[in-house]
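Residues in the sequence shown are numbered from 6 upward in steps of one, following this note's numbering. Right, one structure below, let's go through it.
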Amino acid sequence: MLEGLLRALVSGFLGSAGFGALLHAPRKGILWGAVIGSVGYTAYWLIFQLSGSELPAMFVGALLAAALGQIAARQFHMISTVFVTIAILPLVPGIGLYRAMSAMGQGDMMMGATTAVHAMSLILMIVMGTGIGSALFSLRKPADAKEE
């Protein structure tokens, strides 16, 4: 379990940093986005290992990545999209989408459709987690806002 946890931390960091570099993000954004991505992916991995259910694990991983991305954006005075995008990219179920299209291309429509529905369900969890994690920070009033 400890080896898997360490593997999740490292792979989440490297995946996030790699995508951040591909997207030409600012260096500070890449570093902290990768740290946040590592935390989000590790949370996903840990919840999936403990519960055996991938959908809630994906939701929590995306929620955590989005919330931490919002905090980092305020801390470093950068747009939150930089951190959130870098952080959630390791969660994207690319292999599931590839397998769905591969199965359909080989004529196995039932397997392709089943795999595609599962991958799209995971994407929906990412969208919901990211939306809710980001919305939590738009609910509070900024400290410098003036009362009317």
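Backbone N, C-alpha and C define an ideal beta-carbon position, used for all residues, glycine too.
{"Item": "Looking only at its chain, what residues have a beta carbon closer than 6 Å to the beta carbon of valine 87, apart from the 5 residues adjacent to it on each side?", "Value": "Ala30 and Gly34"}
{"Item": "My guess is that alanine 70 and isoleucine 41 are in contact by the Cβ rule of under 8 Å, so how many angstroms apart are they, rounded?", "Value": "6 Å"}
{"Item": "Use the C-beta contact count for valine 15: other C-beta atoms within 10 angstroms, 16 or more gives buried, fewer gives exposed.", "Value": "exposed"}
{"Item": "Give the C-beta separation of alanine 13 and tryptophan 50 to the nearest angstrom, bearing in mind that I take them to be a contact with Cβ-Cβ under 8 Å.", "Value": "4 Å"}
{"Item": "Consult DSSP for glutamine 80 and reduce its assignment to one of helix, strand or coil.", "Value": "helix"}
{"Item": "Between which two residues does the alpha helix (DSSP H) containing valine 58 stretch?", "Value": "The question names valine, but residue 58 in the sequence shown is serine. Taken as a continuous stretch (DSSP letters only), serine 58 belongs to no alpha helix (DSSP H), as it is neither H nor E."}
{"Item": "Going along the chain, which residues of its own chain have a beta-carbon closer than 6 Å to the beta-carbon of leucine 102, five neighbours each way excluded?", "Value": "Ala124"}
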